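As structure tokens, the structure follows; a few thoughts come after it.
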Amino acid sequence: MRAIVNRKLSYATFGSAFIIVLILVIIFLAAWWYFILPVVEMKALQPLIGIISISSAAVLGILVVGNIFAFSKVDDARKKLRKAKPGFISLLKENDNSNINTLHGEILTAISHSDSVEERVELLDKLYDVSVLCGAVNSPGAQNKDYINQLKTQLVKNGYNDKYNVDRLEDYILGASIDETLFFSFVEELVTVSGYANFEKSKKMIEQLKDRYFTADGINEEMWIIRGGAEANGSPFKWTVIFIAITIIYGFTFYPFITGNFPGLSREPWSLYRIISGIHTTLGTLSMLFLSRYILRAVYGRY
């Protein structure tokens, strides 16, 4: 299903950047443990531990504040989507509830007249997305089981063979009915994927949707904010906070040991201090790695 799959594919481009950063981190840590750690002096380790710990604490504070800002931006964006959704539904239901139904019928007709396997696959993708919108508009809350089963039957009858998505059709219809973000992810397909405007009877509706989506209601920008916020507030943020927090705790716990300022504490072998400081440097570096991943996610959301 293109409306969901496209979201996943769009983030895949950042995988290569993350791998490059990871390789550089591994090279740096290998050099540190193999070349620097065996010969490093006490006077070099003391400021190192303090700098990493203090800077990590500052970064964590900035990160938390930024996350709160991101959350508020996402909340504002969702409010705008909720406010705009009724207008888009009205547009889809214009002409005696036939706008989206007309497009659905035009796609079915195009499938029946198509001799190209490639073209049929693209049309079936369109049919699936439009079927979700038909269900959300004509059967709010996915209450009409017979109508939803009819949409499923039409998909299978015309050659749509992804059983998983067919079984999930009702879930997507329900989601689009009650969740504005999912609803607009399917509307986005109508205004961004090529080919929809070729259906003559639905061309005007597509143009009106496109105008509202990109200019009048500015939904496009709000969707970018929500997608970026979901990524920024997800696992990248959690792992970044965990690693930075561990680095801070580890650093401030170990710092008195290495400076010799911990009252009544006997000094351990110098080799142990080197290893512990190496672990701390590793944690600090990994914290920056996760922070870079977080920034990529947040920047991709355009805020």
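Quick note: the sequence shown uses our numbering, first residue 8, plus one each step. Backbone N, C-alpha and C define an ideal beta-carbon position, used for all residues, glycine too. Treat the numbers as computed from the prediction; the structure is a model and nothing was measured.
query                                                                                                                         : result
Residue of Thr-289, Gly-142, Thr-254 minimising C-alpha distance to Ala-64                                                    : Thr-254
Identity of the residue in Asp-178, Thr-199, Val-128, Leu-134 nearest Glu-161 by Cα                                           : It is Gln, not Glu, that sits at residue 161 in the sequence shown. Ranking Asp-178, Thr-199, Val-128, Leu-134 by Cα distance to Gln-161 puts Leu-134 first.
With 16 other Cβ atoms within 10 Å as the buried cut-off, status of Asp-83                                                    : exposed
Beta-carbon proximity of Ala-140 to Val-194, cut-off 9 Å                                                                      : Sequence check: residue 140 is Leu here, not Ala. Their beta carbons are under 9 Å apart, which means Leu-140 touches Val-194 by this criterion.
Cβ-based burial, Gly-166 [other Cβ within 10 Å; buried from 16]                                                               : exposed
Chain-order list of residues whose beta-carbon lies under 7 Å from that of Glu-229 (same chain, five-residue window excluded) : Ala-84, Lys-87, Leu-88
Exposure of Phe-191, with buried meaning 16 or more beta-carbon neighbours within 10 Å                                        : buried
Beta strand (DSSP E) segments (min. 3 residues) lying fully within the stretch 91-170                                         : none
C-beta contact flag for Gly-94 and Asp-224 at 9 Å                                                                             : yes
Alpha carbon of Ser-2 to alpha carbon of Ala-183, nearest angstrom                                                            : Since the first and last residues shown for the chain are 8 and 310, residue 2 lies out of range.
Contacting residues, own chain, Cβ-Cβ under 7 Å from Val-12 (five flanking each side not counted)                             : Residue confidence is low: Val-12 scores 41 on pLDDT, short of 50, so the model does not pin down where it sits. Its coordinate-derived value is still stated next. Correct list: empty, nothing qualifies.
Nearest-angstrom Cα separation, counted from Ile-233 out to Val-248                                                           : 21 Å
Three-pair Cβ contact test at 8 Å for the stretch 198-215 versus the stretch 103-115                                          : yes
Cα-Cα separation, Val-72 to Asn-168                                                                                           : 47 Å
Alpha-carbon to alpha-carbon, Phe-76 and Thr-289                                                                              : 29 Å
Leu-99 and Ile-118 closer than 9 Å at C-beta                                                                                  : no
The alpha helix (DSSP H) enclosing Lys-210, as first and last residue numbers                                                 : 210-218
Coarse secondary structure for Gly-202, derived from DSSP in three states                                                     : coil
Assumed close pair Ser-294, Ile-251 - CB separation to whole angstroms, cut-off 8 Å                                           : 4 Å
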